[in-house]
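With the working numbering, the residue at position 70 of the sequence shown is 77, and numbering never jumps.
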Amino acid sequence: MSRVSPVSPWLIVGLGNPGSTYAGNRHNVGAMVIDELATRYDTTLRAHKARARAASIRLGRPGTSGPPAVIAIPTTYMNESGSPVKGLADFFKVPVEQIIVIHDELDIDAGTIRLKRGGGEGGHNGLRSISAALGTKDYLRVRVGIGRPPGRMDPAAFVLKDFNATERKELPFLLDDAADATELLIERGLTDAQNTVHAGGPTRS
């Protein structure tokens, strides 16, 4: 059974590629969720020596005092995400049990959120880099479904394209749902959060 440290913050990392060229890509949806959390907690991500942009927050609804967390987006390319995640975890003394990685997932229907700990990387270069850097796959993941590419399109090309017009209309709801699921994961633990999120129920009372 995983143990949560009462003194260490949570580390919540959203994956993507740096720069305006990639900002709207499906592959960057993890980073978009971090931006949603930054807006939600009225904070600004600032440069960190671990090659990331990061901010410290206190989770919970306004007027409450929830657990501390660091939200971050690596400033490296996706396939080099491991070094920033390891650097942040070391700097803030975060155990692997309290690392959450938010990322795009081809094998989940578009608009669907799934939670898990560990398992394979499914060909995701960002996850592969993180697993190698941490020396384990047993970190938490918030998997944001983007669906499979149409026809014979190469999946690598599909993830590096922007969300289409129809998807962009639903994107704010998807980012909000993913941010809610992340908060719920910390508040209730993996099993309870899975039971709620995977059943499609509301994550906020």
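Every residue, glycine too, gets a C-beta built ideally from N, C-alpha and C. Since the structure is predicted, the reported quantities are computational estimates derived from the model, not experimental observations.
In the structure shown, what three-state DSSP assignment does residue i receive?
i      : result
Asn86  : helix
Gly152 : strand
Asn202 : helix
Pro157 : coil
Ala57  : coil
Can you check whether the CB of residue j is closer than 8 Å to the CB of residue i?
i      : j      : result
Ala188 : Ile120 : yes
Leu134 : Val103 : no
Ile193 : Leu66  : yes
Does the beta-carbon of residue i have 16 or more other beta-carbons within 10 angstroms, so that it is buried, or is it exposed?
i      : result
Met39  : buried
Ser27  : exposed
Thr82  : buried
Asp42  : buried
Val14  : exposed
Thr203 : buried
Ala164 : exposed
Asn32  : buried
Can you give me the start and stop residues for the alpha helix (DSSP H) that residue i sits inside?
i      : result
Leu182 : 172–195
Gly118 : That residue, Gly118, is in no alpha helix (DSSP H); it is neither H nor E in DSSP.
Glu43  : 36–47
Leu141 : 132–141
Pro162 : 162–166
What are the boundary residues of the beta strand (DSSP E) that residue i is part of?
i      : result
Gly21  : 17–21
Val108 : 106–112
Val77  : 75–81
| request: Pair every Cβ in the region 55–71 with every Cβ in the region 167–184, then say whether three or more of these pairs are closer than 8 Å. | output: no
| field | Cβ contact (3+ pairs, closer than 8 Å) linking the region 94–102 and the region 157–165 | value | no
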